[in-house]
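To keep things clear, I will list the structure first and then write my remarks on it.
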Amino acid sequence: MANHVTEQAETIPALLFASQDRSGEDAQVQWYESGVLQSMSWAESIDSVRQLAAGLMRLGIKPGDRVAIISETNHVWSACDLAILCTGAVTVGIYPTSTEEETAWILADCGARVAFVDTEVRAHALHDQASDAAPALKHIVVMREADDVHSEGITTLDDIVDPDRARSPDGRAALDARWQSVGADDLA
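Taken in order, the sequence shown gives residues 1 to 188; the numbers are from the working numbering.
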């Protein structure tokens, strides 16, 4: 794999991909889920970020767009955040303890086009008020498996990831061009 970054990485996406070049095959990402230690390889972790970023690009996310994350911090939150930054978009973190009114105000104020949420319940509550309170919000993505996401504008993380595009030569080139266009002065 060609090294895409200079010796001195100046952006978060550049640091991410530089770390891939530096890590060995044994590098792991680990987290606890329901008290059980989970892990995946560093390469798998970066691949999941690429797939999410490709999915965001397919949803029409452009540099400078706002994408919200409303969830407890976890490994999926981190992957979403890195994918957002790799597309040149801006992460808007919203505390999951925020009231519906506070959440709606933040989403409207920043003009978020996509919101990642932790639960179906939050997705439906947000969907019910978003059309009036946050008209720029077009996609609500549930970060976990969800059974009841049949409303227009609500989908799951599995539905937006785009592994074929992320792994294709054209898809890789498009994402590489996007994250390489991110500058040190851009809002992260």
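Where a beta carbon is used, it is the ideal one built from N, C-alpha and C, also for glycine.
Expressed to the nearest angstrom, what Euclidean distance is found between the alpha-carbon atoms of residue i and residue j?
{"i": "E42", "j": "Q20", "result": "A quick correction: the sequence has Trp, not Glu, at residue 42. When rounded, the distance between both Cα atoms is 7 Å."}
{"i": "V92", "j": "C110", "result": "8 Å"}
{"i": "S78", "j": "V121", "result": "21 Å"}
{"i": "E100", "j": "R22", "result": "43 Å"}
{"i": "T156", "j": "E145", "result": "7 Å"}
{"i": "I46", "j": "L16", "result": "8 Å"}
{"i": "S98", "j": "S151", "result": "23 Å"}
{"i": "D170", "j": "T119", "result": "33 Å"}
{"i": "V182", "j": "D128", "result": "34 Å"}
{"i": "A188", "j": "V67", "result": "11 Å"}
{"i": "R172", "j": "D81", "result": "19 Å"}
{"i": "I140", "j": "E102", "result": "17 Å"}
{"i": "A130", "j": "E44", "result": "34 Å"}
{"i": "V90", "j": "I154", "result": "20 Å"}
{"i": "S34", "j": "V76", "result": "14 Å"}
{"i": "Y95", "j": "G55", "result": "24 Å"}
{"i": "K138", "j": "A112", "result": "8 Å"}
Could you give the DSSP three-state label for residue i: helix, strand or coil?
{"i": "T97", "result": "coil"}
{"i": "S45", "result": "helix"}
{"i": "L126", "result": "helix"}
{"i": "S39", "result": "strand"}
{"i": "A9", "result": "coil"}
{"i": "A14", "result": "helix"}
{"i": "R165", "result": "helix"}
{"i": "R22", "result": "helix"}
{"i": "V142", "result": "strand"}
{"i": "A27", "result": "coil"}
{"i": "R50", "result": "helix"}
{"i": "I70", "result": "strand"}
Distance cutoff 9 Å, beta carbons only. Does residue i sit that close to anything in chain C?
{"i": "P169", "result": "Among the protein chains of the structure shown there is no chain C, as only one such chain exists."}
Taking the beta carbon of residue i as the centre, do at least 16 other beta carbons fall within 10 Å, making it buried, or is it exposed?
{"i": "T87", "result": "buried"}
{"i": "P13", "result": "buried"}
{"i": "P167", "result": "Sequence inspection shows Arg at residue 167; the Pro mentioned does not correspond to that position. Classification of R167: exposed, given that the 10 Å Cβ count is below 16."}
{"i": "V36", "result": "exposed"}
{"i": "M1", "result": "Residue confidence is low: M1 scores 42 on pLDDT, short of 50, so the model does not pin down where it sits. Its coordinate-derived value is still stated next. The residue is exposed, with fewer than 16 neighbouring Cβ atoms inside 10 Å."}
{"i": "D162", "result": "buried"}
{"i": "S71", "result": "buried"}
Cβ of residue i within 9 Å of Cβ of residue j?
{"i": "I69", "j": "F116", "result": "yes"}
{"i": "E10", "j": "A177", "result": "no"}
{"i": "V142", "j": "D65", "result": "no"}
{"i": "D186", "j": "P63", "result": "yes"}
{"i": "N74", "j": "W31", "result": "yes"}
{"i": "A174", "j": "M57", "result": "yes"}
{"i": "L107", "j": "A125", "result": "no"}
{"i": "L59", "j": "W179", "result": "no"}
Check the C-beta distance from residue i over to residue j and give it rounded, since I have them as a contact under 8 Å.
{"i": "V29", "j": "S39", "result": "7 Å"}
{"i": "A53", "j": "A83", "result": "4 Å"}
Is any non-hydrogen atom of the ligand MG found closer than 8 Å to the C-beta of residue i, if you look at the structure I gave you?
{"i": "H139", "result": "The model depicted lacks the ligand MG and carries no ligand whatsoever."}
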